[in-house]
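The working numbering numbers the first residue of the sequence shown as 1 and each following residue consecutively.
A short worksheet on the structure shown next.
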Amino acid sequence: MTTTPGRSTSSPLLNSGGAASSASGVVKMPRVILHIDMNSYFATVEQQANPFLRGKPVGVVATMTPNGCIIASSIEAKAKGIKTGFRIRDARAIDPRIILIPNDAAKYRTVTGGIMRILKTYTEDIELYSIDEAFLDLTGFVRSFDDADAMSEEIRHRITREVGEWLKCSIGVAPTRWLAKFASDTAPKGTTLVLHTGNLDRHLDPCRLTDAWGIAHALERRLNLLNLYSLGDLRRYPVENLLTVFGILGYELWANVNGIEFTSVQGQRLPKSIGHSHVFAKKATSLEYPKAVLAKLCEKAGRRLRALDLEAHGLWLGYGLPDRLRGWHEQRGGGGAITPPSPIVDTRDIFTAAWNILTGDLPRGALPNYLAMTLFRLRPHVDQLELWPRGKKDAPALVEALDAVNDKYGDFTVARGSFWGLNENDVPDRIGFRKTVGVDADDIILSART
Ligand SMILES: [Mg+2]
Numbered sequence: 001m002t003t004t005p006g007r008s009t010s011s012p013l014l015n016s017g018g019a020a021s022s023a024s025g026v027v028k029m030p031r032v033i034l035h036i037d038m039n040s041y042f043a044t045v046e047q048q049a050n051p052f053l054r055g056k057p058v059g060v061v062a063t064m065t066p067n068g069c070i071i072a073s074s075i076e077a078k079a080k081g082i083k084t085g086f087r088i089r090d091a092r093a094i095d096p097r098i099i100l101i102p103n104d105a106a107k108y109r110t111v112t113g114g115i116m117r118i119l120k121t122y123t124e125d126i127e128l129y130s131i132d133e134a135f136l137d138l139t140g141f142v143r144s145f146d147d148a149d150a151m152s153e154e155i156r157h158r159i160t161r162e163v164g165e166w167l168k169c170s171i172g173v174a175p176t177r178w179l180a181k182f183a184s185d186t187a188p189k190g191t192t193l194v195l196h197t198g199n200l201d202r203h204l205d206p207c208r209l210t211d212a213w214g215i216a217h218a219l220e221r222r223l224n225l226l227n228l229y230s231l232g233d234l235r236r237y238p239v240e241n242l243l244t245v246f247g248i249l250g251y252e253l254w255a256n257v258n259g260i261e262f263t264s265v266q267g268q269r270l271p272k273s274i275g276h277s278h279v280f281a282k283k284a285t286s287l288e289y290p291k292a293v294l295a296k297l298c299e300k301a302g303r304r305l306r307a308l309d310l311e312a313h314g315l316w317l318g319y320g321l322p323d324r325l326r327g328w329h330e331q332r333g334g335g336g337a338i339t340p341p342s343p344i345v346d347t348r349d350i351f352t353a354a355w356n357i358l359t360g361d362l363p364r365g366a367l368p369n370y371l372a373m374t375l376f377r378l379r380p381h382v383d384q385l386e387l388w389p390r391g392k393k394d395a396p397a398l399v400e401a402l403d404a405v406n407d408k409y410g411d412f413t414v415a416r417g418s419f420w421g422l423n424e425n426d427v428p429d430r431i432g433f434r435k436t437v438g439v440d441a442d443d444i445i446l447s448a449r450t
């Protein structure tokens, strides 16, 4: 769309039109963000890889046990009511013919890499939000929302042609990151929804508060107290009142639903935490097995931490215990968090801290069947000499050399003695999705670099 100097457009965002020109004749491009979300991703990738699975209810599972969770349901399984998060036994009760497939993280990363290669040809400003979601800042690359709409069709077409014909995606186009994600969440599967301030009344106002990205039930109840029940109510509520009640969060909520940018697309977003967890594939008979699993979880987290050049100022460890009455899957457990006296960087320190929490908290004689650890309060690593070094530490050069060998030849090519006796398959490559994937997304960025 072309514009003529002096065209009276008060804001390029007030309609779906495109570039607006100011009185001085300078063409102002509208800010355009595109959010792409692959539909039923892991399940669809499995159907892409194996045509026999297409058109059938498929569930990708974390572990193949009756209590194991379905981490992705195919479109066909969802149609039968089998949602992501269902336990295998519940899914089988609904449809005994559901096809269950163990998750294959390497496969999903490879497909995401293929999709990313396409997305990168449209803009350099990309934030890989999770393994199957990305934000693209198209400002300056398109002249209007209609252009972006056409581009979304092209992207969808290229993904099916160049990566796999079975892959489907929902796309949202909007002037802000938040609205773009809201649009792709709201769009019917496999389609694009374009939102701009001119059509929010139709697409956003009737929605419930919890339909909004970032509003959960606790916040919904607090908003209800202000007589706010829909996103339209929120959009029209005086922002000063929201600021008084909720502080900056109140402004963020109001800005989001009004199409005002609160955050920007961040290509190099750093994770807030790095964590790994593992449900034991076999029963522990002594503390040796949990110890080896923990060592491996700590090494994985440590390598991620160092690859991002971060240090951790907090560590959390949790464990599950088998319930003898209800089977050996975790029903209860414990754990704890510490703030170490000096920031943690190397695996030995991570492991020592985690092990101390575990052995300090574990009831006498009990053996866990589940371990989870998270490094939090992450900051850019500062290489500072300690005034009073505590305990024996690996020389940074040794840690670096170990990481370099493992980066080049694969995880655990060289490892500590405590890893010996632990089969590689005991801690299979797992992949997270949605909120936990800030970290997984970084994984992909890192592997794409090599
Ligand atoms: Mg998705």
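Yeah, the Cβ is synthetic: ideal placement off N, Cα and C, and Gly gets one too.
It should be emphasised that the depicted structure is a prediction, and the values quoted were computed from it without experimental measurement.
As assigned by DSSP and simplified to three states, the class of residue i
i	result
Leu-136	strand
Lys-392	Because Lys-392 carries a pLDDT of 48, less than 50, the predicted location of this residue cannot be relied on, and the following value inherits that uncertainty. Coil at Lys-392, not helix or strand.
Thr-197	coil
Asp-37	strand
Tyr-319	strand
Ala-212	coil
Gly-360	helix
Gly-85	coil
Val-399	helix
Ile-159	helix
Glu-154	helix
Ala-72	strand
Asp-125	coil
Thr-192	strand
Ser-144	strand
Ser-184	helix
Residues bridged to residue i [DSSP beta-bridge criterion]
i	result
Asp-205	Its beta-bridge partners do not exist; DSSP assigns none.
His-276	Met-373
Gly-335	Gly-318
Glu-311	Arg-379
Ile-101	Val-60
Cys-298	BP columns for Cys-298 are empty, so no partner.
Ala-174	Ile-33
Ser-230	Arg-208
Ile-115	Per DSSP, none; premise fails for Ile-115.
Ser-342	Looking at the DSSP assignment, Ser-342 forms no beta bridge with any residue, so it has no partner.
Ser-130	Glu-133
Rounded C-alpha distance that separates residue i from residue j
i	j	result
Ala-292	Asn-199	56 Å
Lys-296	Val-257	43 Å
Glu-165	His-35	20 Å
Leu-472	Gly-247	With the chain represented from 1 up to 450, any question about residue 472 goes unanswered, as that position is not in the structure.
Glu-133	Thr-192	14 Å
Thr-210	Glu-220	7 Å
Leu-317	Arg-158	43 Å
Asp-37	Gly-59	19 Å
Val-61	Asn-103	6 Å
Ala-312	Arg-379	7 Å
Asp-233	Ala-183	18 Å
Arg-377	Leu-305	12 Å
Thr-139	Arg-202	25 Å
Asn-39	Arg-143	28 Å
Pro-322	Pro-290	13 Å
Arg-326	Thr-63	Low confidence applies to Arg-326: its pLDDT is 47, below 50, so where it sits in the model is not reliable, and the reading given next is rough at best. Looking at the two C-alpha atoms, the distance is approximately 18 Å.
Ile-274	Ile-350	12 Å
Thr-110	Glu-124	20 Å
Pro-271	His-278	20 Å
Gly-17	Tyr-122	Bear in mind that the predicted position of Gly-17 carries a pLDDT of just 44, short of 50, making it unreliable; the figure below should be weighed with that in mind. Roughly 21 Å between the two C-alpha positions.
His-381	Leu-402	18 Å
Leu-128	Ser-170	15 Å
Ile-101	Arg-177	34 Å
Gln-47	Ile-98	13 Å
Arg-156	Lys-168	7 Å
Beta carbon of residue i nearer than 9 Å to that of residue j
i	j	result
Asp-149	Val-173	yes
Leu-243	Leu-226	no
Glu-261	Pro-175	yes
Trp-485	Lys-189	The displayed coordinates of the chain run from 1 to 450. Any statement about residue 485 would go beyond what the structure contains.
Ala-288	Thr-347	Reading off the sequence shown, one finds Glu at residue 288, where the question assumed Ala. No, these two residues do not count as a Cβ contact at 9 Å.
Thr-160	Ile-131	no
Cys-69	Arg-87	yes
Ala-77	Asp-90	no
Arg-31	Asp-146	no
Lys-80	Pro-57	yes
Presumed contact (8 Å Cβ cut-off) between residue i and residue j, rounded CB distance
i	j	result
Ala-354	Pro-340	Incorrect: roughly 11 Å between the Cβ atoms, too far for contact.
Asp-361	Gly-320	Not confirmed; about 12 Å, so no contact.
Asn-369	Ala-301	Their Cβ separation, rounded to whole angstroms, is 20 Å, which puts Asn-369 and Ala-301 out of contact at 8 Å.
Leu-476	Met-373	Nothing about residue 476 can be read from this structure; the chain reaches only from 1 to 450.
Gly-114	Val-163	4 Å
Pro-197	Gly-250	The question names Pro, but residue 197 in the sequence shown is Thr. In fact, because the Cβ distance is near 20 Å, the residues do not count as touching under 8 Å.
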